[in-house]
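Each residue of the sequence shown is one higher than the one before, counting from 380 in our numbering. Don't be surprised by glycine CBs; every beta carbon is placed ideally from N, CA and C. Bear in mind the structure is a predicted one, so any value in this text is a computation, not a measurement. Okay, so here's the structure we're looking at.
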Amino acid sequence: MVAAAALILLAVAQLTTAHFGLPYPAWRYNTLNAANTSYSQWTYPCAGVPGNLPSGNRTDWPLKGGSIKLDLHHDWTYVFINLGLGANVSNFNYTLTPEIWNTTGKGLLCVPELTLPTDLSVVDGTQASIQVVTVGESGSALYNCADITFRSSAAALSGDECKTEGVTLAQIQPQVNGSSANGSSTATPPKSAGSIAGVSNVVMSSVVGLALVFAYGMGL
Ligand SMILES: [Cu+2]
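Here's what the structure looks like:
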């Protein structure tokens with residue numbers, strides 16, 4: 380009976396630390412699988428999952444940038460998405476979220492087309508990995524990675540394949556104040572959402588700014 384109680388406690392603990400899922404592109408390994416105790420989403424850079432798992436997933440992804448779908452289990456989070464080139468990536472030195480995401484709500488978040496950095500040159504067959512990092516109020520981070528191959532024949536998810544449910548996304552932008560001729564200060568309007576359809580922009584509030592500075596200070 381004691382063992383059973385311990386198992387139940389363990390199961391509850393697993394639930395309360397549900398973290399997040401990466402349905403697309405398919406993650407290297409289902410790090411939410413409670414039966415596997417080798418991997419932890421707390422572990423940098425990829426939850427402890429190596430990039431060359433024999434049984435690992437690898438998804439064909441469009442040359443100009445593809446879709447990403449997250450299964451978010453926390454009330455809110457900051458999201459960073461990074462990319463590294465190679466077959467077995469541990470250095471994710473390109474950012475796909477130059478304007479950090481702030482998501483609110485639990486559910487599915489799907490962005491149809493991530494914009495690639497202009498200095499990232501890929502051709503058909505280039506292998507890479509995508510790292511998704513989520514950061515909460517304590518400044519600690521959760522990690523998942525997905526391995527991809529850039530393909531000219533690959534297409535972004537569309538329509539029913541890429542639905543957002545229960546989650547709203549804001550991109551955090553620097554607050555820039557300009558001065559008009561009479562000296563009064565005016566806020567710069569938010570930039571356009573670019574290729575990310577249906578995503579609203581917000582100007583970063585000082586509160587969010589402070590939280591971010593705090594997150595960086597915590598060793599991000
Ligand atoms: Cu969690």
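Just the Cα atoms here: how many angstroms apart are residue i and residue j?
{"i": "T567", "j": "P424", "result": "Since pLDDT at T567 reaches only 43, below the 50 mark, its modelled position is unreliable, and the value read off the structure follows with that caveat. Cα-Cα distance, rounded: 36 Å."}
{"i": "V502", "j": "F529", "result": "7 Å"}
{"i": "N412", "j": "V555", "result": "44 Å"}
{"i": "H398", "j": "G538", "result": "26 Å"}
{"i": "G430", "j": "T505", "result": "15 Å"}
{"i": "N467", "j": "S434", "result": "14 Å"}
{"i": "W440", "j": "I527", "result": "6 Å"}
{"i": "K448", "j": "Q550", "result": "16 Å"}
Less than 6 Å between C-beta atoms, sequence neighbours within five positions excluded: which residues of the same chain meet that for residue i?
{"i": "Y461", "result": "In the sequence as displayed, the identity of residue 461 is Asn instead of Tyr. Within the same chain, N461 has close Cβ partners F471, T474, Q510."}
{"i": "P496", "result": "Y473"}
{"i": "L499", "result": "Y473"}
{"i": "S531", "result": "L442, D503"}
{"i": "W455", "result": "T483"}
{"i": "T416", "result": "none"}
{"i": "T513", "result": "F399, T456, V458, L521"}
Closer than 7 Å by C-beta to residue i: which residues in its own chain qualify, once you throw out the five before and the five after it? Chain order, please.
{"i": "T410", "result": "Y418, Q420, A426, V428, N523"}
{"i": "A405", "result": "N436, T438, A525"}
{"i": "S446", "result": "Y403, C489, V490, P491, E492, A535, L536, C541"}
{"i": "G543", "result": "Checking the displayed sequence, the identity of residue 543 turns out to be Thr instead of Gly. Taken in chain order, the residues that qualify are L487, L488, C489."}
{"i": "D450", "result": "F399, G400, P402, L487"}
{"i": "S517", "result": "none"}
Throw me the rounded Cβ distance for the residue i and residue j pair, which I believe falls under 8 Å.
{"i": "V546", "j": "G465", "result": "V546 to G465, Cβ: 31 Å. No contact."}
{"i": "L548", "j": "T482", "result": "5 Å"}
{"i": "Y403", "j": "L432", "result": "With 8 Å as the limit, Y403 and L432 do not qualify as a contact, their Cβ atoms being about 18 Å apart."}
{"i": "S508", "j": "A534", "result": "With a Cβ gap of about 20 Å, S508 and A534 do not count as contacting."}
{"i": "V458", "j": "T476", "result": "7 Å"}
{"i": "G515", "j": "H453", "result": "6 Å"}
Bridge partners for residue i per DSSP, in chain order?
{"i": "L493", "result": "DSSP lists no partner for L493."}
{"i": "A507", "result": "L464, I527"}
{"i": "W421", "result": "DSSP lists no partner for W421."}
{"i": "E544", "result": "L487"}
{"i": "V512", "result": "F459, Y522"}
{"i": "T482", "result": "T456, L548"}
{"i": "F471", "result": "Looking at the DSSP assignment, F471 forms no beta bridge with any residue, so it has no partner."}
{"i": "D450", "result": "G400, L487"}
{"i": "D439", "result": "T528"}
Whose C-beta lies closer than 8 Å to the C-beta of residue i among residues of the same chain, with five residues either side of it excluded?
{"i": "G463", "result": "S469, N470, F471, N472, Y473, A507, S508, Q510"}
{"i": "A390", "result": "Unreliable positioning characterises A390 in this predicted model, as indicated by a pLDDT of 47, which lies under 50. The coordinate reading is nonetheless provided below. The residues are A413."}
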